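Residue numbers (numbering that gives the first Met the number 0): 0 to 423.
For glycine and all other residues, C-beta sits at the position ideal for the given N, C-alpha and C.
The structure presented is a predicted model; accordingly, all values stated were derived computationally and were not measured.
In what follows, a structure is listed as structure tokens, so that the remarks can point back to it.
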Amino acid sequence: MKIVRVTVTPIAFRDPPLLNASGIHEPFALRSIIEVESDTGYIGLGESYGDAPALAIQQRVQPQLIGLDPFNLNGLRAIVQATVAAHAPTSLPGAELAPGSHASKAVSNANSAFEVALLDLQAHALNVPLVDLLGGAIRERIPFSAYLFFKYAEHVDSPYAPDHWGEALNEQQIVAQARHMIDSYGFKSIKLKAGALDPEHEVACIKALKKAFPGVPLRIDPNGNWSLDTAIRMAELLGDDLQYYEDPTPGLDGMADLHKRTGLALATNMVVTDFDEFRRSVAQNSVQIVLADHHYWGGLRDTQVLARMCQTFGLGVSMHSNSHLGISLMAMAHVAASVPNLDYACDTHYPWQEPDEEVIKGGKVPIVDGCVQLTRAPGLGLELDHDQLGKLHDQYLSCGIRQRDDVKQMQRYQPDWKAVKPRY
Ligand code: GKR
Ligand code: MG
């Protein structure tokens with residue numbers, strides 16, 4: 000079997016005004032959608048970062064895959080490595096919340112983008128679900144968590160009609176957001192994105208969630224925006240409210256100190272983002288839970304390797320998410336189904352994306368009782384809707400955004416806003 004067509008289509012979809020440690024989401028989030036077709040007529044799909052540096056690498060790799068056997072994943076990696084070596088990308092400051100822009104992740108990002116599509120194609124050719132190529136499903140229902148954000152009611156300058164979620168800045172509004180998300184999707188655990196407002200206020204919101212949803216596991220994620228002192232102070236206020244404490248303070252050293260001083264289980268998608276950081280984290284016991292993300296860990300198979308390493312070193316595993324559509328969700332679900340030690344419900348931004356902006360046929364993937372259900376359909380179980388793809392590509396062309404920049408976007412609300420870490 001040979002690859003005869005590869006398409007990389009950048010798209011943009013509406014994203015709500017969600018607040019985070021850097022600033023605020025822009026009105027559109029970027030992704031790339033990848034299609035790979037074989038001479039036998041099978042098609043594999045992938046979804047990855049649509050930011051300019053990541054997209055440039057994908058577009059350079061794209062023509063080089065023509066003629067490759069879709070089972071040749073080592074061949075894919077060699078092409079990606081050579082391409083990145085010849086065109087070393089640059090990172091932009093403030094890109095840490097959009098790992099697609101990290102120069103150091105260029106190989107793993109691009110490999111992952113195409114590896115998922117090749118695995119999907121292989122599975123179609125064999126008429127098996129993709130998870131069968133990962134050793135088979137240990138679970139068929141993959142648990143995800145409600146992912147709450149502080150947010151404004153609408154974007155600056157109203158680029159389109161406000162989303163239906165409304166403003167969420169105080170305790171009552173955050174509890175209402177959680178209730179709406181749980182009623183709609185049945186989530187059984189809750190994550191609050193923090194690092195955006197005053198830390199005491201964010202902790203008060205966790206307390207309000209605890210009261211409103213007794214027994215539901217809670218997590219808070221300030222994205223490294225709290226100093227060590229602030230993170231310790233907030234840990235004292237939080238007591239045993241949390242299932243885990245995600246990236247409260249920056250750096251492997253800061254996290255190691257925090258764990259030593261509080262004993263709390265720390266999770267990360269910021270200080271352990273590759274195998275070298277994994278080694279350093281284990282050496283100093285910086286984190287106890289690693290949030291995997293196949294998009295920047297090198298793909299589905301490297302995510303399995305990561306999970307095995309976590310098992311070896313006694314660390315927990317779950318999954319991180321950025322704004323994404325259904326192809327990414329199903330890729331996450333298939334790899335999560337194959338990981339025996341998936342200890343916690345995975346993160347997903349998926350509920351924040353609008354139902355009329357999915358690129359797969361049939362619309363959004365259902366999340367029921369907090370879970371995505373795998374079926375025996377071949378591959379990822381998805382088919383691309385080319386009309387929707389065209390619409391979202393047109394939106395990419397017209398939206399003007401080429402590189403996520405939450406700091407610059409916040410300056411449109413507050414001109415004196417700066418990128419400061421840690422801010423509190
Ligand atoms: O979308 O604002 C956001 C998140 O903060 C995202 O950028 C992070 O990468 O979700 C992520 C996280 O868990 O840190
Ligand atoms: Mg995080």
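Comparing alpha-carbon positions, the option among 145, 74, 105 lying closest to residue 57 turns out to be 105. For residue 209, the CB contacts under 7 Å within the same chain, skipping 5 residues up- and downstream, are 217, 240 in chain order. Within the same chain, and ignoring the five residues on either side of residue 14 in sequence, the residues whose Cβ sits closer than 8 Å to its Cβ are 24, 25, 26, 27, 28, 322, 351, 352. Taking 7 Å as the cut-off, the C-beta of residue 319 counts as close to a heavy atom of the ligand MG. Taking the Cα positions, residue 11 is about 20 Å away from residue 151. A distance below 7 Å between beta-carbons, with the five flanking residues on each side excluded, links residue 260 to the following residues of its chain, in chain order: 231. Residue 211 sits close to residue 174, with the two beta carbons spaced by under 8 Å. Within 7 Å of the C-beta of residue 251 there is not a single heavy atom belonging to the ligand MG. Between the ligand GKR and the CB of residue 103, the shortest heavy atom gap is not smaller than 7 Å. The continuous alpha helix (DSSP H) containing residue 326 extends over residues 325-337. At least one heavy atom of the ligand MG falls within 7 Å of the beta-carbon of residue 268. If you draw a 10 Å sphere on the C-beta of residue 101, you find 16 or more other C-beta atoms in it, and that means buried.
In this structure, the beta-carbon distance from residue 344 to residue 143 falls below 8 Å. When the beta-carbon positions are compared, residue 254 and residue 285 come within less than 8 Å of each other. For residue 315, the closest C-alpha among the options 325, 249, 372, 243 is that of 243. The closest heavy atom of the ligand GKR lies 7 Å or more from the beta carbon of residue 144. Distance from the C-beta of residue 201 to the nearest heavy atom of the ligand MG is not below 7 Å. Counting only residues of its own chain and dropping the five nearest sequence neighbours on each side, residue 195 has a CB closer than 7 Å to the CB of 18, 19, 20, 149. For residue 191 and residue 2, the gap between their C-alpha atoms comes out near 43 Å. By the Cβ-count criterion, residue 375 is exposed, with fewer than 16 other Cβ atoms from all chains shown falling within 10 Å of its own Cβ. Rounded to the nearest angstrom, the gap between the Cα atoms of residue 337 and residue 138 is 7 Å. Per DSSP, reduced to three states, the secondary structure at residue 198 is helical. Of the heavy atoms belonging to the ligand GKR, at least one sits nearer than 7 Å to the Cβ of residue 19. For residue 32, the beta-bridge partners assigned by DSSP are 8, 46.
Bridge pairing for residue 189: 145, 217 [DSSP]. Under the three-state reduction of DSSP, residue 60 is assigned to helix. Taking a 10 Å sphere around the C-beta of residue 31, we find 16 or more other C-beta atoms and assign the residue as buried. For residue 183, there is no enclosing beta strand (DSSP E); the residue is part of the alpha helix (DSSP H) that begins and ends at 170-184. Spanning the alpha carbons of residue 133 and residue 324 requires a straight line of approximately 22 Å. When only Cα atoms are considered, residue 77 and residue 372 end up about 34 Å apart. When the five nearest sequence neighbours on each side are left out, the beta carbons in the same chain lying within less than 7 Å of the beta carbon of residue 41 are those of 120, 123, 124, in order along the chain. For residue 68, same chain residues with a beta-carbon under 8 Å away, outside a window of 5 residues either side, are 0, 1, 2, 74 in chain order. Nearest neighbour of residue 328 by Cα position, chosen from 43, 65, 47, turns out to be 47. Shown here, residue 350 sits in a helix according to DSSP, grouped into three states.
Burial check for residue 396: the Cβ neighbour count within 10 Å stays below 16, so the residue is exposed.
Counting of Cβ neighbours within 10 angstroms places residue 339 among the exposed residues, the total staying below 16.
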